[in-house]
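**Q** Positions -27 to -1, 1 to 385 (mature numbering (1 follows the signal peptide of the UniProt record, and there is no 0)) are the ones given, in order, by the sequence shown.
Ideal Cβ placement from N, Cα and C applies to all residues, glycine included.
Given the structure is predicted, the values throughout are model-derived calculations rather than measurements.
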Amino acid sequence: MTMVKTLPALVGAVLLGTLAVSPSAQAQTDCENPREASGSLTEFTYRRLTRIQEDIAEEKYNDAIEGVRELLPKIKRNEYEQALVYQTEAFAWASQDNYRNAIPAFRKAIELNALPQAQHEQMLNNLGQLYYAVEQKDEAIKYLLRYLDETCSDPSPDAYILIASIYVDKKQYAKALPFVDRAIRSKKDVPETWYQLKLAIHYEQKQFKPAAETLVKLISLHPIKEDYWKQLSGVFLEMKDDPESLAVLALAGRQGFLDTERELENLANVYLFLEIPYKAAEVLQRGMEQGIIKRDLDSLEKLGTAWQLARENAEALEAYTAAAPLASDGRIWFRLGQIYIDDENWTKAEEALKNALAKGVDDRGEVQLMMGVAAWNQGRTEEARQAFLAARNDSSTKSQAQAWLAHLAAEG
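(1) What are the start and end residues of each continuous alpha helix (DSSP H) run of 4 or more residues lying completely inside the segment 51 to 80, in chain order?
(2) Going by the CB atoms, is the gap between G338 and A360 shorter than 8 Å?
(3) Within the continuous alpha helix (DSSP H) that includes E333, where are the two ends?
(4) Excluding five sequence neighbours on each side, which residues of the same chain lie with their C-beta closer than 7 Å to the C-beta of A329?
(5) Am I right that A106 and Y120 are in contact with their C-beta atoms under 8 Å? What's the rounded C-beta distance?
(6) Mind reading off the beta-carbon distance from I312 to M343? Whole number of angstroms is fine, and I expect it under 8 Å.
(7) Rounded to whole angstroms, what is the Cα-Cα separation between E43 and Q178?
(8) Report the rounded CA-to-CA distance for S126 versus L245, giving the unit in angstroms.
(9) G12 by DSSP, collapsed to three states: which one?
(10) Residues in its own chain within less than 7 Å of K332 by CB, not counting five upstream and five downstream?
(11) Along the alpha helix (DSSP H) that carries S369, what are the first and last residues, could you check?
(12) Between I192 and K171, how many whole angstroms is the CB-CB distance? I'm expecting something under 8 Å.
(13) Here's the rule I'm using: 16 or more other beta-carbon atoms within 10 Å means buried, otherwise exposed. How should A382 be labelled?
(14) In angstroms with no decimal places, state the Cα-to-Cα distance between T23 and Q169.
(15) Kindly give me the distance between the Cβ atoms of L257 and A279, rounded to whole angstroms, as I take these residues to be in contact under 8 Å.
(16) Out of N239, L45, T187, state which residue places its alpha-carbon closest to the alpha-carbon of S272.
(17) Is DSSP giving P164 helix, strand or coil here?
(18) Around the Cβ of Q55, are there at least 16 other Cβ atoms within 10 angstroms (buried) or fewer (exposed)?
(19) Quick check on the DSSP output: the alpha helix (DSSP H) that includes M96 runs from which residue to which?
(20) Could you tell me the distance, in whole angstroms, from the CA atom of E16 to the CA atom of N86?
(21) Whole angstroms are fine: how far does the CA of V334 sit from the CA of L322?
(22) Terminal residues of the continuous alpha helix (DSSP H) containing K252?
(23) Mapping DSSP to helix, strand and coil, what is E32?
(24) Could you give the uninterrupted runs of the alpha helix (DSSP H) lying entirely in the segment 282 to 366, keeping only those of 4 residues or more?
(25) Would you identify the three-state DSSP class for residue 386, choosing helix, strand or coil?
(26) For E317, is the beta carbon positioned less than 7 Å from some heavy atom of the ligand MG?
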């Protein structure tokens, strides 16, 4: 099965936008003794540091770096001030995309252990990202894991996804999975690429059931993407010997993320795509009974179609009967006529087919042919003949109509 993207390309897409130099600090949550600043900022250092930061803002990076080098020898006794200056130097280098020079500055700031908790967390996270940017992935993992271990605030979901992506780069898929799962749980609006990464990890490990569940989620979010439907079909083929394979969709229906009208309708579409119409009808019926899916024309027509494909005529008739008056044409009356013909309910069939002609249908010849059959089965031979003559004028039903007319002639 071909994934949406190859893993290397996918990892690149996942990381796009995550390499931020200074993520926003978050409030402390559950650390009893968070780090505090080891000292205070003197007026002299404050003024010099402000000037350096202004140079960075004005993109005068050489002046900023020179300012750092001049200031550091003058603050040797104050580790807090040193840490702030090294951190500022790191930002100056990173602002120029010079990550290799930014890294040692961040490390010096961290090793002084002099900054308060929020800044300490930022630097660990930033350092992990910078190591990834220069392709030192082991060091990136080291500092990102340390960030997760030492943070007193809610960890950035981007840190989880970056760790997962690095493990995928290293083909360590089992290690990657818990981090991508945590990233998804931690993010309100999950990027599509994160689900794609999760899907790729499951598929690389031949974990077809969770791969199918992930595809159901992707389809619920992006129902018009044909690739996801094809991939889901491929995953089910891989699961053909698994007695629980079809239970995946039922499980998805019970998950919290499939509780909106669009998602339930898309789940029904998955069942229809896999040629399991009975399950599709059950999903739609339950959604309507729970008030999640509106009983409008589209939903009722889809419900009727699902029941009809499942050969549950009574249920199909109920859905189509509710839908037919809502349609601007006679297509649903036509389907009602088909079912009544199958059930040999000739009176109801004629009524439905007359309504179909009155409201307008594309298959007029087919409607006339069925009206002839209904009339003939009720002993009204002349009405049947007139209907078959009308059906003979349509190229799609001409041969069948002629056969019926020949049969009537033989009967005398």
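**A** Here's the rundown:
(1) 52 to 68
(2) no
(3) In the sequence on display, residue 333 carries Gly and not Glu. G333 -> no alpha helix (DSSP H), and no H or E assigned at all.
(4) G303, W306, F307, G310, V340
(5) 16 Å between Cβ atoms; not a contact.
(6) About 11 Å; that fails the 8 Å criterion.
(7) 54 Å
(8) 45 Å
(9) coil
(10) D302, G303, W306
(11) Note, S369: premise wrong, no alpha helix (DSSP H); not H, not E.
(12) In fact, because the Cβ distance is near 14 Å, the residues do not count as touching under 8 Å.
(13) exposed
(14) 44 Å
(15) 6 Å
(16) N239
(17) coil
(18) buried
(19) 90 to 106
(20) 22 Å
(21) Checking the sequence shown, residue 322 turns out to be Ala, not Leu. Taking the straight line joining both Cα atoms gives about 15 Å.
(22) 250 to 262
(23) coil
(24) 286 to 296, 304 to 315, 319 to 332, 337 to 350, 354 to 365
(25) Nothing in the structure corresponds to residue 386, since the chain is present only between -27 and 385.
(26) Among the components modelled here there is no ligand, and therefore nothing to report on the ligand MG.
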